[in-house]
Each structure stands twice: as C-alpha cells, then as structure tokens.
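Convert by adding 20 to the 1-based position in the sequence shown; the result is the number in my numbering.
All residues carry an ideal CB built from backbone N, CA and C; glycine is no exception.
As the structure is a prediction and not an experimental result, all values here were calculated from the model.
First comes the structure, then the notes that go with it.
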Amino acid sequence: MAKTAAAALAPAASYSELDLSGDFALSSPVRKLRAKTITLPGDVHTALLAAGDIPDPYFGENEQAVMWVHDTPWNMERRFTAGRADIDGYLTLTLDNVDCIATVFLNGEEVARTQNQFIRYDIDVTSKVKVGTNTLRLEFAVTKDVAKARYDAHPFPIPYTLNYLSNGLPGVHLNFVRKTACHAGWDWGIRLMPTGVYGRIALRKSRLARQESVQVSQAHGRSSVELSIRTIVHAFAEGSVELMHEIAGQKIADKVVVRPGENVFTHNLTVKNPRLWWPNGQGEQPLYELWTTLDGERTTRRVGLRKLEWIVEPDAIDHNFKVRVNGRDITAMGANWIPADAIPSRITPDVVRDLLESAQAVNMNMLRVWGGGQYEPDYFYELCDELGIMVWQDFMFSCMSYPADREFLADVRVEITQQVRRLSHHACLALWCGDNEVIGSLGWYPETRANSKRFIANYDRLNSMLGNIVEDEDPDRRFWPSSPSLGYMDFEDGWHKDTRGDMHYWSVWHEAKDFSAYREVQPRFASEFGFQSFTSMNVIETFANPEDLNPSSPVMESHQRNAGGNARIVETMLRYFRFPSSFENMVFLSQIQQGLAIKTAIEFWRSTKPRCMGTLYWQINDTYPVHSWASLDYGGQWKLLHYMAKRFFRPINVVAVPEEDGQSIVLRGINDTAAKAEISLEVQAVDVGGKARVVFTGRSQTSPDAAVDLAHIALEDLRPGEFLFFSWRDKAGRLIGENDYFPKAYKAYEMQPARIVSRWESADGKPVLVLKSDKPAVFVTATTDVPGHFSDNAVTLLPGRETRLTFTPRRGAKVTQKALASSLKVRHLRETY
C-alpha cells in the first residue's frame with residue numbers, strides 16, 4: 021500500500037538524498053599525527069582507539085591518559101562525488117547531532133557554524149555543490165575553551181555543577197555550551213568530552229521544498245480517533261507541492277501552495293474502531309504506520325493511538341500527580357535513563373534495545389530521560405513505543421544555572437522547538453520536563469545564594485520560554501517546570517515536601533540514613549532515589565588487575581565517582597550484614613544491599629496507593645564500568661536490584677510494612693491491573709533451622725484503585741530466629757508471587773550452612789535451572805558465563821520445595837545446557853560469612 025501511495029504522487033526524481041556518512045580523514049591543526057580515519061557517524065575516541073593511539077579509557081586509571089584528546093582541536097574531511105541528477109534542484113546539507121563547536125566548509129567555502137549538539141542543522145548549499153568531486157570539511161574547536169571564553173564574557177558569574185569535580189578533575193563551564201552535560205563527567209560518569217557527529221550526514225535535493233517535521237495530535241471518541249496531522253515544510257521559493265498522508269487505510273493527498281521559509285499545513289482524518297496503545301502490563305501496543313510524502317520525499321512514523329493525560333489536581337492531601345492513559349490512572353513503575361555509553365559510537369540500536377527489553381522484562385512502564393544526558397535517537401522512542409515504556413522527557417539542563425541572554429535563548433529556542441516537533445508523535449512520550457534539579461541548584465553555590473533574586477529571574481526567563489514552546493508546539497501534553505518541582509512558578513524545595521509534585525529523595529544515600537527512612541516520607545511521585553552497589557565481579561575484572569581488588573585501591577576509587585561512595589557501601593553493609601569473607605563476597609553483598617534498599621522504598625510507597633502513583637529509581641543503566649546506582653551493569657548484565665525490581669514492580673503484589681506502633685507487621689495487597697483481583701494469601705513463620713508454621717491464611721479482593729490491608733502479624737508472636745515468608749495465588753490457585761520479611765537486620769540471624777543442589781531441565785525450548793535446599797537460604801543467586809538472564813534471582817529457598825529459574829539468553833547468543841552447567845555458580849547470603 022505504501023509503495024502504491026508513493027508512486028501515485030509521481031514527481032519523478034523530485035527528491036533525492038546523497039548519504040555522506042562513512043570514512044573521513046581525521047587530523048589536528050596542533051598535533052602531528054599519522055594519517056587517521058574517522059567513521060562518521062562516530063567520535064574521535066573511537067577512531068584513536070582503532071588506530072592504537074590511545075589506551076582503553078575504561079581500564080584502570082586511563083581516563084587521565086586520554087585527557088589530551090578533548091584538549092585538542094580536530095578536523096574531519098571527506099571527498100564525495102555528485103552527479104548532475106544529485107544537484108539539479110535546491111540542496112540542503114543536513115548535519116544532525118554535531119558535537120559540538122564546528123565550522124563547516126564545502127569546497128573550501130564556509131557554509132555554517134554549529135554550536136549546539138541538540139540541533140539538526142539544515143544548511144542551504146544550493147549552487148555550492150558541483151558535478152564531480154566535492155570536499156566537505158568540519159573544523160572542531162576545543163569545547164571547554166569556548167565554554168570558558170563565554171563564561172568570562174558573561175556579565176555575572178554562573179557556576180558549573182559540582183558533579184564536574186569528581187575524582188579531583190577540574191570543572192568545565194558546559195552550562196555555556198549546548199552539549200551532553202555528563203560528557204564532562206558526573207557522579208557516576210567518566211570525563212571524555214567526545215567530539216564527533218552522531219546523527220545524519222546527508223546532501224538532500226528538493227524540487228521546491230523539504231519536510232521539516234510531522235506531528236500528530238489525537239482526539240478520542242467512543243469508537244474512533246480523529247487525527248490532526250501538522251506538517252511543517254521549508255520552501256526555497258514560491259510554488260506548489262504535492263503533500264500526502266496515509267494511515268490505517270485512510271489517505272489524504274493535497275496540492276498546497278508554499279512560500280519561502282516555514283509553511284504549516286494541517287490535515288485531519290479519522291480512524292474508526294481503533295486498537296488502543298497501552299503501557300507495558302496494561303494491554304497491547306499496536307502501532308499504525310503513517311506515511312508522509314512531499315514531492316517524493318517520503319517519511320514513515322509509527323503512531324500509537326491512546327489518550328494520555330498528566331493529572332495534577334487538588335485532593336484531600338494537597339495535589340495529586342499521576343498519569344492517566346485511556347481513562348485509567350496508571351501507576352508509573354520504572355527508573356531513570358542516562359546515555360547508553362560514554363563513547364557515542366558504542367550507542368547502537370542493538371545496545372539500546374537490549375537495555376529497554378530488560379526494562380520491559382521487569383514490569384517497568386516508564387523511564388525518565390534525564391536532563392544531564394541527551395535527547396535520544398529516533399529509534400529509542402520507537403522502541404519505547406513498541407515495548408510500552410512511557411517516557412518522562414527532561415529537556416537537557418541539569419544541576420546548575422544557565423545563561424538567559426538573547427543569544428543563548430535564541431539557540432535554545434531552536435533546539436527545543438526541533439526536539440518537540442521531532443518527538444511529539446510518539447505514543448510513549450508522556451511528559452515534557454524543563455530540567456533536572458536546576459531549581460534546587462539555586463541554593464547550592466555561593467554565587468547563586470549571594471544573589472538569589474537575580475538567579476531566580478534568570479532561571480525563569482529560560483524556563484518560561486521552554487513552557488511556552490511546549491504550549492505552542494505540543495499543547496496536548498503537560499509541561500512540568502523541573503524535577504523535582506512542586507508546580508508552576510513554585511521555587512520551593514521539592515526534595516523534602518511530599519504532598520504534591522514529584523520528589524527526589526536522597527537522604528538514605530547521601531545522608532547515610534537507615535533504610536527505614538524511606539518510610540518516613542510518602543511522595544506523590546518519586547522520580548529520583550537510589551542506593552549504590554559495586555558493579556559485578558566479571559565487570560570489575562574488565563578494568564582492574566588482581567592487585568586492584570580492594571574497595572579503597574586507586575583503581576576501584578577511580579571507578580567510583582561519588583565522593584566517599586565505596587566507603588558508604590561498606591559502612592552501610594556493617595549496619596545490616598556480617599562483614600564478608602572476601603572481596604568477591606563484598607561485591608555480591610553490596611548488590612544484595614542495594615536491592616534491599618530500593619525494595620524497602622518501593623514496596624512501602626506502592627503500599628500507599630493512591631497517594632503515590634509513581635516510583636522511578638535512580639538509575640537503570642551505566643555509561644561505562646563503574647560502581648553506581650544502576651540496576652544493570654555496563655553492558656546490560658542484570659544486577660540483583662534488577663531481578664528484585666521484577667518482583668517489587670509486580671502488577672499484583674503483596675508487601676510487608678512495619679506498623680507505626682512498632683509492634684506488628686501489616687501485609688498489604690496492591691493491584692495495578694484494570695480489574696479487581698481475588699487472591700489467597702498464606703503467611704509462614706520460618707525458623708533459620710528450617711521449621712515453618714502457618715500464621716495466616718485468607719482470601720481477599722484487591723481493587724485497582726488502592727492498596728488494601730490483608731493481614732496483621734504481631735511481632736511478639738514471632739519466635740527468635742523466625743522470619744516471614746508469604747505467597748499469594750489467584751482465584752484458580754495459580755501462584756502469583758512470593759515475598760519475605762525479616763523483622764531484624766540479617767546479621768542478627770544465625771543462618772545455617774545450606775546444601776543447595778541444582779539440575780537443568782528444558783521447558784518450552786528454554787533451559788530451566790531447578791534449585792533445592794536442605795535449609796532456608798536467602799538471596800540465592802545463580803550466575804553463568806552465558807550472556808542472558810534468569811527469570812528470577814536473589815530468591816529465598818525453603819527446605820522441601822523446588823524453585824525453577826528459566827534462563828533467557830541475550831538476543832543472538834548461542835546457548836547449550838553444557839555451557840550453562842559448566843559455568844554455573846550458585847551462592848547465597850550464608851556463604852558470605
């Protein structure tokens with residue numbers, strides 16, 4: 021159907037595109053280097069690694085050894101051949117995601133200057149390309165030098181983020197340059213400050229006009245959806261063009277008149293009996309293909325039909341804060357997303373798909389694209405559409421103030437307008453947020469504290485512009501000023517007020533409070549909170565030698581970007597666990613501890629439903645191998661927190677919460693499905709030696725609208741050495757889930773040495789690991805060298821029962837039971853003593 025529609029428009033050869041990606045010559049005006057080649061899209065670090073000119077920056081302390089790369093200006097040049105057919109029309113040189121300050125030359129003539137990584141530059145080069153050989157050259161300045169010069173020229177000082185001072189490195193004024201902020205390092209990130217081009221590089225020929233953007237808004241009726249398709253066209257001259265849209269068997273073809281510059285056209289069509297798009301776990305994710313053709317220039321977008329609202333309304337507490345999809349209030353469950361790698365060339369669709377599928381697999385339905393990173397490539401949002409993962413989209417401002425002069429605001433206006441137009445058709449896009457923690461940062465620095473009124477006014481000039489652009493370009497979506505924020509024009513502290521807005525709660529990690537402190541706040545929406553662990557042992561071995569395997573070694577500390585982070589991990593460990601017997605056990609125990617911290621927070625906050633309608637922990641992924649808050653290791657391997665997330669994000673869940681009197685435990689049922697659910701609950705008190713007794717059984721209906729109390733267990737009824745183990749089943753008797761609760765710190769229990777036996781079976785073509793123990797064993801974890809993940813891990817085994825873990829290999833990985841069995845390791849808490 022699409023091919024027929026494109027052919028019907030018929031202006032033969034009216035549009036063509038010459039792909040200019042590929043190999044460029046790489047050189048520097050200040051360094052003598054052997055002939056180098058850089059592949060674009062790509063970055064300088066990747067080219068130098070391939071040539072053997074720099075060591076692996078991720079290994080050991082090599083970060084310092086590659087600092088010269090971002091202190092160096094770079095030139096990239098290639099020749100290309102154009103035929104008469106390539107240049108017979110209006111020509112646009114499109115450069116997308118240019119990082120960052122570059123002068124662009126075509127056949128020796130300067131045609132553009134770039135200064136914003138987040139802008140797509142469409143450069144009119146009509147009559148500048150010749151038949152035969154042409155030369156394209158990009159000359160990159162040193163970004164930090166440009167940023168410093170702009171800082172020096174600004175009428176008042178604006179400090180950069182304290183995160184740039186990790187591991188004693190000097191700061192960079194990246195608030196004066198529009199570049200991925202964490203390229204200069206963060207409290208989980210390496211400083212590489214890459215240079216390159218990461219997006220489209222193309223010479224586009226148009227007969228009269230080119231497509232700029234296509235946006236789709238939706239009006240939902242009882243059995244139909246009316247689509248309003250807004251097409252922005254850039255015309256080089258006055259005339260008429262053929263514009264056509266086709267979706268779901270509906271077609272609109274129109275001959276429209278254009279005038280030089282931007283032209284906006286709106287067309288409406290109706291989809292009857294639509295298949296609705298739902299977030300992960302709530303329904304299916306059908307996507308309709310929208311084909312747009314302008315004089316032969318054809319683009320495709322996948323559109324999910326859904327009504328999405330962000331609800332902020334007064335209630336009995338203060339104001340609620342939640343997402344509503346197709347008329348249903350949805351509890352947002354997920355994490356924060358940072359760039360997939362510190363070296364941009366390594367961010368590929370396969371890498372991103374693997375990470376996003378890992379999010380979907382553990383019941384996540386939302387990710388927050390954090391404001392110190394980047395607007396992700398189109399395929400990121402397309403995958404989120406496909407997987408049912410809603411996106412909270414920050415604009416790229418984080419943890420520091422920014423200029424608000426006319427030139428800076430004009431540049432940002434282009435950036436935000438382009439990004440909103442590019443992304444607004446996606447079903448997954450749930451919220452536009454102005455920034456990450458910029459409101460809060462007004463109180464962090466001597467300069468901002470000394471003149472708070474100036475910096476509030478400065479902030480409002482930028483933030484109000486962002487909100488106005490969203491209102492103009494995507495009026496159907498809510499703009500939220502900052503994260504955390506209490507709401508429109510409210511500059512109060514969003515870290516500690518839990519009655520409205522979104523909340524960042526960091527007291528447990530940064531202030532070393534007990535995990536129970538998570539129960540001292542009841543946020544309406546927790547958009548950031550986290551606890552660190554060491555990265556996994558096999559990942560540590562990729563950057564450390566055997567002599568470095570100590571939490572306070574220079575290498576281990578260089579791979580910890582948060583001041584005192586390794587010490588805090590170990591210090592907290594002593595609060596809950598017995599000191600581990602080896603470094604490897606310390607790494608394992610740190611991941612148990614991390615999972616326990618976030619489990620404590622999310623189980624309690626979900627138990628307050630409908631008060632809390634969102635929990636997004638910090639963070640799902642890492643940019644390089646580092647000790648951090650991530651639940652996935654660098655490379656995508658699941659840490660124990662990620663396995664635990666699958667359980668604490670279960671749609672129908674039962675959790676144990678200490679009651680305020682300190683005398684009993686309440687078990688609460690949580691139902692985030694669309695219908696009432698009848699569950700049967702059994703609660704056992706289990707002795708560390710293996711004796712178990714049932715202390716509660718019962719059936720209950722759980723509504724989707726609120727958490728309900730299912731049982732109360734008095735602590736005085738538990739004997740010394742007993743913990744709670746409980747399971748719940750559906751109406752048909754099928755097991756839904758299991759959970760446990762230890763009233764005391766784990767170090768207080770005399771866990772017994774357990775003999776765990778394992779065997780491999782096969783079910784539905786997948787390998788299944790069957791585990792059985794002769795004594796209670798907690799946090800039982802299976803690992804294998806075969807890339808992939810088990811269906812569960814860090815589980816509790818009780819004597820006399822078998823636990824089955826299905827293994828799913830990573831996409832494309834070959835797996836045999838022999839390979840799985842030969843590298844299988846099974847460990848548990850008692851083995852760390």
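What separation, rounded to the nearest whole angstrom, lies between the Cα atoms of residue i and residue j?
i: Asn605; j: Ser842; result: 21 Å
i: Trp88; j: Ile74; result: 10 Å
i: Val192; j: Asn456; result: 18 Å
i: Leu443; j: Val332; result: 23 Å
i: Thr852; j: Val708; result: 16 Å
i: Ser527; j: Lys533; result: 6 Å
i: Lys150; j: Asn127; result: 9 Å
i: Gly109; j: Ile252; result: 20 Å
i: Lys225; j: Phe285; result: 21 Å
i: Tyr761; j: Asp480; result: 47 Å
i: Ser34; j: Gly152; result: 21 Å
i: Gly655; j: Gln613; result: 21 Å
i: Ser747; j: Thr826; result: 20 Å
i: Glu781; j: His848; result: 22 Å
i: Tyr525; j: Ile459; result: 15 Å
i: Leu38; j: Ala167; result: 34 Å
i: Ala22; j: Asn288; result: Annotation note: pLDDT 36 at Ala22 (below 50); position unreliable, coordinate value reported separately. Roughly 19 Å separates the two Cα atoms.
i: Val607; j: Pro600; result: 9 Å
i: Asp681; j: Leu735; result: 11 Å
i: Leu506; j: Glu246; result: 34 Å
i: Glu41; j: Asp144; result: Reading the sequence as shown, one finds Ser at residue 41 and not Glu. So the alpha carbons of these two residues sit roughly 18 Å apart.
i: Val677; j: Glu540; result: 12 Å
i: Asp63; j: Pro796; result: 52 Å
i: Ser700; j: Ile350; result: 24 Å
Tell me where the alpha helix (DSSP H) around residue i begins and ends.
i: Thr555; result: Thr555 -> no alpha helix (DSSP H), and no H or E assigned at all.
i: Ile178; result: Careful: Ile178 lies outside any alpha helix (DSSP H) and carries neither H nor E.
i: Glu329; result: Run containing Glu329: none in the alpha helix (DSSP H); it sits in the beta strand (DSSP E), 328-331.
i: Arg373; result: 369-381
i: Lys473; result: 472-493
i: Thr437; result: 426-443
i: Ser461; result: 458-461
i: His20; result: Absent from the structure is residue 20, since the part of the chain shown begins at 21 and ends at 853.
Kindly indicate the opening and closing residues of the beta strand (DSSP E) around residue i.
i: Val236; result: 229-240
i: Lys342; result: 342-345
i: Gln683; result: Where Gln683 is concerned, there is no enclosing beta strand (DSSP E), given that its DSSP letter is neither H nor E.
i: Gln639; result: Here Gln639 belongs to no beta strand (DSSP E), and DSSP marks it neither H nor E.
i: Pro678; result: 672-678
i: Tyr6; result: This structure does not reach residue 6, given that the chain is present from 21 up to 853, and the question cannot be answered.
i: Ser778; result: 776-783
i: Cys453; result: 449-453
i: Tyr308; result: 308-314
Relative to the ligand COA, is the shortest distance from any of its heavy atoms to the C-beta of residue i smaller than 6 Å?
i: Val715; result: This structure simply doesn't include the ligand COA, nor any ligand for that matter.
For my contact list, residue i and residue j are in at a C-beta cut-off of 8 Å; report their separation, rounded to the angstrom.
i: Met664; j: Ala352; result: Contact doesn't hold; Cβ gap of about 18 Å is too wide.
i: Val434; j: Glu493; result: Val434 to Glu493, Cβ: 12 Å. No contact.
i: Pro177; j: Glu467; result: 5 Å
i: Gly757; j: Arg667; result: 7 Å
i: Ala765; j: Arg595; result: 7 Å
Entirely within the stretch 814-849 and at least 3 residues each: give me those beta strand (DSSP E) ranges in chain order. 815-817, 822-829, 845-847
In chain order, what are the residue ranges of uninterrupted beta strand (DSSP E) at least 3 long that sit wholly in the stretch 85-144? DSSP assignment within the stretch 85-144 yields the following whole beta strand (DSSP E) runs of 3 residues or more, N-terminal first: 94-102, 110-116, 122-126, 129-134, 140-144.
Does the stretch 318-336 come within contact of the stretch 611-622, defined as at least 3 CB pairs closer than 8 Å? no
Is the stretch 113-123 touching the stretch 248-265 in the sense that three or more CB pairs, one from each, lie closer than 8 Å? no
Unbroken beta strand (DSSP E) runs of length 3 or more, entirely within the stretch 262-299: which are they? The stretch 262-299 contains these whole beta strand (DSSP E) runs: 270-278, 281-292.
Any 3 or more C-beta pairs closer than 8 Å across the stretch 182-192 and the stretch 201-219: Yes: at least three Cβ pairs fall under 8 Å.
Assess contact between the stretch 422-429 and the stretch 464-482, defined as three or more Cβ pairs (one per stretch) separated by less than 8 Å. Is contact present? yes
Do the stretch 570-588 and the stretch 537-550 touch if we need at least three Cβ pairs shorter than 8 Å? no
Check whether the stretch 558-566 touches the stretch 730-748, counting contact only when three or more Cβ pairs, one atom from each stretch, lie closer than 8 Å. no
Are at least three pairs of beta-carbons, each pair with one atom in the stretch 156-167 and one in the stretch 394-411, less than 8 Å apart? no
For the 8 Å Cβ check, are there 3 or more pairs between the stretch 127-143 and the stretch 177-186? no
Does the contact criterion of 3 or more C-beta pairs under 8 Å hold for the stretch 797-812 versus the stretch 823-839? yes
Contact between the stretch 292-304 and the stretch 379-392 (3+ Cβ pairs under 8 Å): yes
Can at least three beta-carbon pairs, one atom from the stretch 627-647 and one from the stretch 206-216, be found at a separation below 8 Å? yes
Which ranges does the alpha helix (DSSP H) cover as unbroken runs of at least 4 residues, wholly within the stretch 694-760, from first to last along the chain? none
When the Cβ atoms of the stretch 337-351 are set against those of the stretch 314-322, are three or more pairs found closer than 8 Å? They do not touch, by the three-pair rule.
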